[in-house]
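Right, one structure below, let's go through it.
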Amino acid sequence: MVDFKKMSKRTSPNGYSYFRELTFREDYYSHVPTRYLVVDTETTGTKLFQGCQAFAVSAVDHKGEAWFWRFKVNAKTRNVIVDRDKLKDIEEVVSSYSHHVFHHGKFDVRALQTIGIDLTKLQDFWLGFRDTLLYSHVCDSTEDHGLKDLAKKYLNVSNDDEEALHAAVIKARRANKKLGNSTAEKVQEDYFLAGAELDKYALCDVVDRTEPLFRMYVDVVRSEKLAYQVAREHALVPLVFDMESKGLRIRTKTLELERKRYERLAMEEGAKAHKIAVSSGMPKDFNPRSSQQLQALLFDKYKLPVGKFTASGANSTDAETLKDLLDGCGETSKAGKFLSSLLLSRKSYKACDYLTEYQSLCVNGIIHPSFNQTGTNTTRFSSSDPNAQNVSTKSDMPLRIVFGPRLDHYWIDADYDNLEMRLFAYACGEEELIKAFESGESVHRVIAEELNGPISTWKELNKDDWKKSPEYKRTKNGNFALIYGAGISRADATYGVSGAFDRIRKRFKKLASFMQTTIDKAKANGYVQTMFGYRLSVPQDRAYAALNYFIQGTAGCVMKYAMLAFSEDTDISKLGGSMVGTVHDELISEFKHEDEQQQLIAANSVKRAMESPGVRLGIPLTISPSVIYRDWTKPSEIKTTFVSQF
DNA sequence: GCCAATAGCCAC
DNA sequence: AAACGTGGCTATTGGC
0 MVDFKKMSKR TSPNGYSYFR ELTFREDYYS HVPTRYLVVD TETTGTKLFQ GCQAFAVSAV
60 DHKGEAWFWR FKVNAKTRNV IVDRDKLKDI EEVVSSYSHH VFHHGKFDVR ALQTIGIDLT
120 KLQDFWLGFR DTLLYSHVCD STEDHGLKDL AKKYLNVSND DEEALHAAVI KARRANKKLG
180 NSTAEKVQED YFLAGAELDK YALCDVVDRT EPLFRMYVDV VRSEKLAYQV AREHALVPLV
240 FDMESKGLRI RTKTLELERK RYERLAMEEG AKAHKIAVSS GMPKDFNPRS SQQLQALLFD
300 KYKLPVGKFT ASGANSTDAE TLKDLLDGCG ETSKAGKFLS SLLLSRKSYK ACDYLTEYQS
360 LCVNGIIHPS FNQTGTNTTR FSSSDPNAQN VSTKSDMPLR IVFGPRLDHY WIDADYDNLE
420 MRLFAYACGE EELIKAFESG ESVHRVIAEE LNGPISTWKE LNKDDWKKSP EYKRTKNGNF
480 ALIYGAGISR ADATYGVSGA FDRIRKRFKK LASFMQTTID KAKANGYVQT MFGYRLSVPQ
540 DRAYAALNYF IQGTAGCVMK YAMLAFSEDT DISKLGGSMV GTVHDELISE FKHEDEQQQL
600 IAANSVKRAM ESPGVRLGIP LTISPSVIYR DWTKPSEIKT TFVSQF
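Going letter by letter, the first sequence gives residues 0 to 645 in numbering that gives the first Met the number 0.
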């Protein structure tokens, strides 16, 4: 087992000071500053890179003195009409405090930038920055972190103000529409149309909600000794803020060409499917994107055999089911022709939808995904507008091709090698698996041989590439299922070997006992702690997920520390490198193109930064950086020379 | 017109 | 009751 107590030394690996620095800062986050200002903004929408702006600012200070400023909004263009005097006033008040409290401050700081107020320029702004959203996640990672929900739950503040505002906005929208102005998709984005209801609501948010919540959380964090974790989340905010500002370059020409290509394919195949459906007796307005109408055709008209069911008991029409049906009825039958056109058009629609979304969020060739520190139950980031963490890598839909480094720049794209499985093996202390990791042998293969016999006896062994053999692939999936908390039957089915789960537990005894202890702990305490001590509450009715929380949570922590290391690495800052995105175990950073020697320094530095959390844990986390010149689908290998010291 | 539920599918 | 985790986005559908 890893001796987590050893870590209390708070030493920092490879010369990085972030662990020590966070310890120093614990005091900041477990005490209420003597003077502070709570700030909130109201905006014309959430997409601040797409023209949405702040139109109102509310604030209250430690003494209870409150302010409210509001700007006019042009209802036609949705542009905020900025009043210079008010702006000056806001700046004067805000800059007279060294501590600023927000709920989701990253958003408010960005919102204020849209009207020309840049808080990040204030002296030591990020040091005085406090965010109740971050406190909320540290104190209870699983609960809803929305300001209204928290205030209702902990302060018993009603949502009357929001309901009144909502009603007023719906009314105002109708009037606005009559004037010929378009309304936003969501009611919240039209809050600027309301009158006094908005003013009241905005003040409530700071006076009755954020300010008292802040004081409450500081107490909780002090008494439950969570300040270190709060410090870590706060330390990340400026890095994430800069990462979002930087954004990813979109290869706009490729995007448009690909979008058109997928669109054409979607239309063509959709038309074929439609024609067949109508000739089979479906109405002329038959919509192949409707699962209900599909069910009527496939299971009522064609009488195809029912496969699996959806959560609510309907006959599933997902791709897996349709492929099975296609295998069953053959490609030449009417139903078969329909199904193959449908599958292709659906896939193409999907690609087209993604690309259309990217296009709509692209500004001057750059896209700025949000990375949300509190968006998951497990310390992972979530990403939105667009979600940069689910860009298709499929060979028949390689959408990563539309993302790439800026001109005269390259990316260092590095991901951890089998991060979660590795953390699992080391956390268990399972020597044989650890040995496999340290010798570079495939752990999936070790387990595959346990379940299927020696590799030489595998039935469908592909000699050139055993990783493509079904034995290997099934085992890999099974290992993931294990980490995800699968039960016996699901695990066995995924491994494709009956009794697989039990055999693994018998062979790897420490793995079995670690799984059980983790679940027991979660049942007893209501939470598990990652290897770095971040507390993750586990829903009581789903204790089986505890292992996943532990592993995924530890992996999430690894990435967060890696990002801290990246930002304090002097070689990287000398090269002007900056992070542009992360996909859970992958970190993408951008550097200006100079020469090969500098590129090697960049790759080595990224490797050093990303491996440093492993040094701290005593777990060798290996990463292999690659270089990207043109687009995200084409990494080229770079030989690094850096070796982490344990 | 508004909203929530449902289904489907992309990533790790 | 069910038991494979964490997310985000779009389209359809039906209730109010």
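We put the CB at the ideal spot given by N, CA and C, even for glycine.
Remember, it's a predicted structure, so these values are computed and weren't measured experimentally.
| Check | Outcome |
| --- | --- |
| Note the first and the last residue of the continuous beta strand (DSSP E) segment covering V38. | L36 to T42 |
| Return helix, strand or coil for W631, following the three-state DSSP convention. | coil |
| What distance in whole Å lies between the Cβ atoms of S382 and N371, which are believed to be in contact at a cut-off of 8 Å? | 7 Å |
| Would you list the one or two residues that DSSP bridges to M578? | S588 |
| Compare the Cα-Cα distances from Y533 to each of H99, N524 and Y227 and report the closest residue. | Y227 |
| When you compare the CB positions of I365 and E257, do they come within less than 8 Å of one another, or not? | no |
| With distances taken between CB atoms, is the gap from K199 to D160 smaller than 8 Å? | yes |
| Quick one: complete alpha helix (DSSP H) runs, 4+ long, within the stretch 194-276? | 195-203, 210-222 and 226-245 |
| Taking 8 Å as the threshold (C-beta atoms), are E429 and S344 in contact? | no |
| Spell out the partners DSSP gives W410 in its beta bridges. | E589 and I627 |
| Tell me, which residues are paired with Y526 by DSSP? | S536 |
| As a quick exercise: from T113, V156 and F101, pick the residue whose alpha carbon is nearest that of S135. | F101 |
| For P12, which residues in the same chain have their Cβ closer than 6 Å to its Cβ, ignoring the five residues on either side in sequence? | S611, V614 and R615 |
| First and last residue of the beta strand (DSSP E) that includes H61? | No beta strand (DSSP E) contains H61, which DSSP labels as neither H nor E. |
| Can the beta-carbon of A521 be found less than 8 Å from the beta-carbon of A542? | yes |
| Go ahead and label K308 buried or exposed: buried means 16 or more other beta carbons lie within 10 angstroms of its beta carbon, across all protein chains shown. | In the sequence on display, residue 308 carries Phe and not Lys. When all chains shown are included, F308 counts as exposed. |
| With burial defined as no fewer than 16 other Cβ atoms inside 10 Å of the residue's Cβ, what is the status of H52: buried or exposed? | According to the sequence displayed, residue 52 carries Gln and not His. Answer is buried; the Cβ neighbour count reaches 16. |
| Taking T621 as the reference, give the member of M558, S577, S635 and H592 with the closest Cα. | M558 |
| Are the stretch 24-40 and the stretch 209-222 touching by the rule of at least three beta carbon pairs closer than 8 Å? | yes |
| If we ignore side chains and look at the alpha-carbon of each, how far apart do G335 and L341 end up? | 10 Å |
| Runs of 4 residues minimum, wholly inside the stretch 113-138: which ones carry the alpha helix (DSSP H) assignment? | 131-138 |
| Return the chain-ordered ranges of every alpha helix (DSSP H) run that is complete within the stretch 454-495 and spans a minimum of 4 residues. | 469-483 and 487-494 |
| Between T251 and A387, what straight-line distance do the alpha-carbon atoms span, to the nearest angstrom? | 16 Å |
| Taking only three categories from DSSP, how would you classify Y415? | strand |
| Tell me whether the beta-carbon of L325 lies closer than 8 Å to the beta-carbon of S339. | yes |
| Compare the C-alpha of F67 against each of S536, D88 and T76 and name the closest. | D88 |
| Excluding sequence positions up to five away, which residues of its chain have a Cβ less than 7 Å from the Cβ of Q673? | Residue 673 cannot be examined here, being either before or after the span of the chain that is shown, 0 to 645. |
| In angstroms with no decimal places, state the Cα-to-Cα distance between V59 and R248. | 39 Å |
| Which ranges would you report for the alpha helix (DSSP H) in the stretch 318-372 if only whole runs of at least 4 residues count? | 318-328 and 333-360 |
| Quick check on DSSP: helix, strand or coil for F3? | A caution first: F3 carries a pLDDT of 46, below 50, which makes its placement in the model unreliable, though a value can still be read off. Three-state result, F3: helix. |
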